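*Asks:*
Written as structure tokens, this is what we have:
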């Protein structure tokens with residue numbers, strides 16, 4: 047059974063050779079004294095935690111799942127999860143990128159990104175418990191009152207308490223404007239205090255035995271709320287009320303009433319939650335809850351992309367071990383291991399294609415994810431408003447791509463890596479089919495991938511007449527011009543430049559069509575997002591290839607492998623865009639022409 | 047929860063309007079007195095059995111799974127499976143296409159194809175029990191001695207007994223040449239009797255409580271066997287030895303030692319089988335077992351394609367019901383159901399794209415599958431040697447396409463239909479995630495899809511210099527020429543003709559490359575198969591569109607829907623070939639260049 051090897055070398059390559067993160071971070075007041083050794087050392091330790099503590103619990107957590115005691119409404123997580131969480135808190139990991147004002151270590155998000163990738167590789171279901179806390183932390187940090195911050199942020203930072211986001215109701219997920227949970231003012235209570243009543247579903251980490259308190263961020267309607275999405279407010283509703291001294295007080299009536307039976311992520315408790323007059327306090331302005339929640343949602347979307355990045359890496363590692371070990375058939379070009387009864391299956395071209403697909407998506411994704419984390423570090427910390435705006439715009443553009451492109455790729459890659467195992471891939475004990483099942487949810491939650499594509503094409507690209515897209519386009523353009531005379535780079539630069547031109551034309555064409563008929567956006571968005579994802583990946587793969595070419599005489603096989611993987615990406619993955627551009631251009635009529643009754 | 051509606055109208059369309067099966071079948075001596083009403087009536091009853099008996103057991107069967115009593119080696123199937131099987135036998139269904147010489151009804155395989163599609167839609171795991179029997183029946187029918195036929199075929203035909211195929215061992219699946227199970231002659235026993243010893247894994251329906259006996263067809267080595275695949279013989283090994291009077295005798299030591307824990311098809315018992323000196327008799331010639339087994343294997347490959355066809359149809363039906371019922375968000379072009387709080391999600395273009403993908407793959411697949419069944423009916427029954435050869439060649443060409451293209455499409459389609467349900471698709475009770483899990487095995491067993499692609503490109507296409515491909519090409523060419531002046535058909539004919547030209551050039555190019563380096567076949571085969579699959583689907587979709595155009599003034603909405611689905615196929619699915627042809631042409635070097643150690 048394969049174990050997990052943290053991809054530290056590749057993370058260091060991206061951080062220090064591709065992105066020069068320490069130089070970039072030092073320009074930011076908050077990270078002026080950062081150094082590469084610190085980043086590397088933290089990630090080395092973080093990798094150990096992922097590999098040694100979390101990875102061994104992944105398969106057993108899937109098999110055992112969570113159990114609800116219906117009498118007490120308490121949930122028991124799989125064996126070992128609680129102890130792993132205690133080690134996580136003990137190690138100070140929850141505080142990694144937290145605000146020092148609340149006990150955080152103040153490290154850049156670049157570090158947190160890499161740490162979470164490794165935890166997701168090792169155990170997505172477990173990692174969702176602290177992952178949800180991050181969202182709650184960020185939302186309260188951005189929109190909470192001073193009292194709310196003082197009450198909750200130190201405990202979320204230390205990991206003593208965890209958080210959730212309670213959005214979905216049985217009749218509405220995508221369309222939160224329809225939600226019905228009510229929040230009513232409490233006579234005599236302090237201003238901003240409400241009693242919440244309603245039902246939520248699909249609440250990840252909604253109840254568990256890892257922490258002393260669970261801080262729920264809940265969307266609900268005030269009595270005077272307008273209908274629709276402009277009548278939604280955000281509340282913080284703790285599992286246990288918090289006493290004035292900060293200690294855990296009486297049980298608040300927000301209960302887990304059932305656990306969902308899911309395809310995967312069995313180790314995470316996906317809860318139906320009943321709010322039965324639970325006490326909560328308002329976060330941010332009345333009726334402005336959706337906007338406040340989107341702070342959390344954007345971070346969560348990047349987090350979901352990171353989950354699939356982690357699964358892609360893990361699937362790759364497991365499949366490589368198997369493909370080198372398993373012997374079956376001879377190479378079509380003659381025996382490669384004549385001393386054995388058959389050749390290891392890694393000699394077969396299509397086995398390599400499946401492996402390299404996962405590898406190229408993992409390494410390309412890692413580069414983009416760390417790049418985006420660095421942009422967020424800039425957005426959060428720079429004093430330069432132009433730089434902040436530039437970073438924020440790029441993050442806004444890249445967020446739906448990271449969410450949808452990574453998770454679609456994760457589904458492809460985990461399925462390919464399962465296939466490398468043949469029939470054994472379908473058997474639970476090998477752990478491959480779990481990666482596929484876990485990966486499937488990532489295409490759905492925090493906004494389905496269709497919603498991401500509408501966000502990208504409709505809002506982020508066409509919504510500002512392509513201004514954000516042009517910002518990314520300028521990076522591509524600059525790189526293409528810089529390398530235009532570099533003979534060795536032509537194999538990468540030419541297809542990159544070509545795709546850049548095509549996406550520019552495609553965007554203009556879709557904008558014109560959408561002006562005539564808004565449904566055209568819905569007809570093309572999913573294809574468009576995938577083309578945009580490839581543009582971004584092609585850019586990073588070309589940049590990585592440039593470094594690998596420069597270092598190819600170094601004798602370090604890392605660069606040889608990087609160059610081969612870049613060539614694979616351009617030869618075997620990027621050409622998908624040829625079909626996608628055609629389908630994006632073929633319009634919405636073939637989708638809408640058929641009367642609903644004929645389906 | 048959606049129920050299953052047998053697609054009888056579409057089956058009738060394919061049989062009677064597209065393929066004229068009754069006229070074709072009447073030309074065959076064995077089916078001279080067939081008539082359309084009989085075919086339709088049988089399928090109507092078969093559809094009832096699938097919808098009313100099998101479909102209600104699908105989800106419960108998945109949840110319960112099979113259990114092994116380790117003391118007795120007996121397997122209990124999920125609640126209701128045994129009773130359903132009794133009804134199946136009672137109804138005479140196992141005999142449908144069986145040879146009348148052994149109690150069969152002698153109906154054409156066209157009927158059996160449609161019946162199995164419906165059973166697969168309703169319950170793939172259950173349908174594998176009788177499905178495996180078919181393979182054993184066909185293998186013994188083709189290669190068994192008179193005594194073996196007399197002993198086994200009547201009971202397999204009646205369904206009193208079921209069958210299996212025991213090929214895989216822990217160390218070999220694809221590469222059966224390495225198998226180790228031994229068969230030793232028994233001193234004093236009748237000639238052709240052996241004792242078999244060894245271990246088999248992944249034996250579907252290997253043990254169960256549905257039937258009084260289980261007839262295993264087992265690959266093993268004789269003592270004097272040459273090494274490799276030329277030293278494999280085939281044996282029939284019953285669970286219970288059969289007495290001279292045909293009654294069930296003593297227990298033969300071929301035992302289920304464990305059940306596999308699988309991603310899906312939980313209702314089917316996937317067994318590890320121990321042969322501990324089990325008595326078997328030789329089927330066919332010594333050391334020629336693989337050839338004999340391939341009779342079974344080819345039928346099984348078509349059967350696996352049919353499983354995914356069934357799942358695709360079922361996923362489509364369930365997702366359509368949900369998409370019409372679930373309201374969420376407004377159409378981008380304005381409210382379509384202003385009286386409701388939101389529009390049904392079927393108004394959203396991408397939801398329609400996901401639904402239509404499943405529909406186009408199901409209906410295209412149904413046309414090809416019934417066409418292929420008719421070819422097999424001809425191959426088995428015609429007196430005309432030229433017609434037999436033509437049919438056999440086309441079946442050989444189409445078999446890997448049906449196996450791999452249908453099952454890849456089934457994976458895509460079931461996943462898309464799950465996505466239509468949003469988060470609910472991930473929850474077990476809705477039944478969608480089961481369809482995805484069940485569909486995943488179909489890409490693996492009976493030869494992985496990579497093996498199918500090597501069979502297609504290496505053996506079926508390049509192996510005879512494109513002769514079989516040209517036979518299909520002539521059908522396309524004739525249709526293109528016949529419709530070349532039909533203005534209404536240009537939207538279908540032009541892309542079909544274009545793809546035909548491209549695949550001809552691609553084939554020639556790959557043949558030249560493979561001549562230089564056999565690994566080029568392995569580098570291009572998977573992409574090539576998908577392109578070939580689209581050529582075949584485009585041909586059938588164009589033919590179906592022609593009929594729909596002719597009938598478009600009939601007032602029957604069936605033809606309107608068919609035409610819209612054809613247009614969708616050409617606009618949104620076929621263009622995938624643009625990318626696939628590029629990757630197929632980009633060669634094997636990007637796959638093989640990287641040293642194994644660098645993975």
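Residue numbers (the numbering used here), protein chains in the order written: chain A, 47 to 645; chain B, 47 to 645. Every residue, glycine too, gets a C-beta built ideally from N, C-alpha and C. Since this is a predicted model, take the numbers as computed values, not measurements.
At the 8 Å Cβ level, is residue 487 (chain B) part of the contact set with chain A, yes or no?
*Replies:* yes
*Asks:* What does residue 318 (chain A) pair with, by DSSP beta-bridge criteria?
*Replies:* A:304
*Asks:* How about residue 314 (chain A): is its C-beta nearer than 8 Å to some C-beta of chain B?
*Replies:* no
*Asks:* Quick one: what's residue 327 (chain A) bridged to in DSSP?
*Replies:* Residue 327 (chain A) pairs with A:239 and A:282.
*Asks:* When we look at the beta-carbon of residue 558 (chain A) and count the other beta-carbons within 10 Å, is it buried (16 or more) or exposed?
*Replies:* The residue is exposed, with fewer than 16 neighbouring Cβ atoms inside 10 Å.
*Asks:* Quickly, what does DSSP pair residue 710 (chain A) with across the bridge? List them, please.
*Replies:* Because chain A in this structure spans residues 47 to 645, residue 710 (chain A) falls outside the shown range and cannot be described.
*Asks:* Exposed or buried, residue 376 (chain B), counting other C-beta atoms within 10 Å across all chains shown (16 or more means buried)?
*Replies:* Buried.
*Asks:* What does the Cβ neighbour count give for residue 136 (chain B), buried or exposed, with the cut at 16 atoms within 10 Å?
*Replies:* Under this definition residue 136 (chain B) is an exposed residue.
*Asks:* Anything in the segment 391-412 of chain B with a Cβ closer than 9 Å to a Cβ of chain A? List those residues in chain order, please.
*Replies:* 391, 392, 393, 394, 395, 396, 397, 398, 399, 400, 401, 402 and 405
*Asks:* Between residue 222 (chain B) and residue 278 (chain B), is the Cβ-Cβ spacing less than 8 Å?
*Replies:* yes
*Asks:* Hey, does residue 308 (chain B) have any beta-carbon neighbour from chain A nearer than 8 Å?
*Replies:* yes
*Asks:* Going by DSSP in three states, residue 229 (chain B) sits in which element: helix, strand or coil?
*Replies:* strand
*Asks:* Considering just the uninterrupted stretch of the beta strand (DSSP E) at residue 114 (chain A), what are its terminal residues?
*Replies:* 113-115
*Asks:* Tell me whether residue 379 (chain B) sits in a helix, a strand or coil according to DSSP, three-state version.
*Replies:* coil
*Asks:* Strictly under 8 Å for the Cβ-Cβ distance: is residue 185 (chain A) near chain B by that measure?
*Replies:* Taking Cβ atoms only, chain B never reaches closer than 8 Å to residue 185 (chain A), which makes this a no.
*Asks:* Out of A:631, A:291 and A:519, which one is the CA nearest neighbour of residue 617 (chain B)?
*Replies:* A:631
*Asks:* Cβ of residue 86 (chain A) within 7 Å of any heavy atom in the ligand NAP?
*Replies:* Absence of the ligand NAP from the depicted structure is noted, as is the absence of any ligand whatsoever, leaving it without description.
*Asks:* What does DSSP give as the partner residue(s) for residue 245 (chain B) in the beta ladder?
*Replies:* B:320
*Asks:* Can you look up residue 373 (chain A) in the DSSP assignment and give me helix, strand or coil?
*Replies:* Correct three-state label for residue 373 (chain A): strand.
*Asks:* For residue 539 (chain B), decide whether its Cβ has a neighbour in chain A, counting only Cβ atoms nearer than 8 Å.
*Replies:* no
*Asks:* Are residue 541 (chain B) and residue 620 (chain B) closer than 8 Å when you measure CB to CB?
*Replies:* yes
*Asks:* Kindly list, in the order they appear in chain A, the residues whose Cβ is closer than 8 Å to that of residue 565 (chain B).
*Replies:* 377, 378, 379 and 395
*Asks:* So residue 623 (chain A) contacts chain B; which residues on that side make the cut at Cβ distance below 8 Å?
*Replies:* 625
*Asks:* Can we say the segment 311-325 of chain B touches the segment 95-109 of chain B, given the rule of at least three CB pairs closer than 8 Å?
*Replies:* yes
*Asks:* Residues of chain B with CB closer than 8 Å to the CB of residue 610 (chain A), please, in chain order.
*Replies:* 636, 639, 640 and 644
*Asks:* Hey, could you find the ends of the alpha helix (DSSP H) residue 121 (chain A) is sitting in?
*Replies:* Counting along the chain, residue 121 (chain A) falls outside any alpha helix (DSSP H), though it belongs to the beta strand (DSSP E) covering 120-122.
*Asks:* In whole angstroms, what separates the C-alpha of residue 170 (chain A) from that of residue 561 (chain A)?
*Replies:* 42 Å
*Asks:* For residue 499 (chain B), count neighbouring C-beta atoms within 10 Å of its own C-beta (all shown protein chains included) and say buried if the count is 16 or more, exposed if not.
*Replies:* buried
*Asks:* Anyone know if the C-beta pair for residue 218 (chain A) and residue 361 (chain A) falls short of 8 Å?
*Replies:* no
*Asks:* The segment 587-615 of chain A: which residues have C-beta closer than 7 Å to a C-beta of chain B, in chain order?
*Replies:* 603, 606, 607, 610, 613 and 614
*Asks:* How close, in whole Å, do the beta carbons of residue 50 (chain B) and residue 97 (chain B) come, if the pair is a contact with beta carbons under 8 Å?
*Replies:* 5 Å
*Asks:* Does the CB of residue 122 (chain B) have a neighbour CB from chain A at under 8 Å?
*Replies:* No - not a single Cβ of chain A is within 8 Å of the one on residue 122 (chain B).
*Asks:* Contact criterion: CB-CB distance below 8 Å. Does residue 248 (chain A) meet it with respect to chain B?
*Replies:* yes
*Asks:* Which two residues bound the contiguous beta strand (DSSP E) that contains residue 566 (chain B)?
*Replies:* Element bounds for residue 566 (chain B): not the beta strand (DSSP E) but the alpha helix (DSSP H), 565-596.
*Asks:* Any beta-carbon of chain A closer than 8 Å to the one on residue 68 (chain B)?
*Replies:* Not closer than 8 Å to any Cβ of chain A, the Cβ of residue 68 (chain B) fails to qualify, so no.
*Asks:* Please tell me whether residue 343 (chain B) has its Cβ less than 8 Å away from any Cβ of chain A.
*Replies:* no
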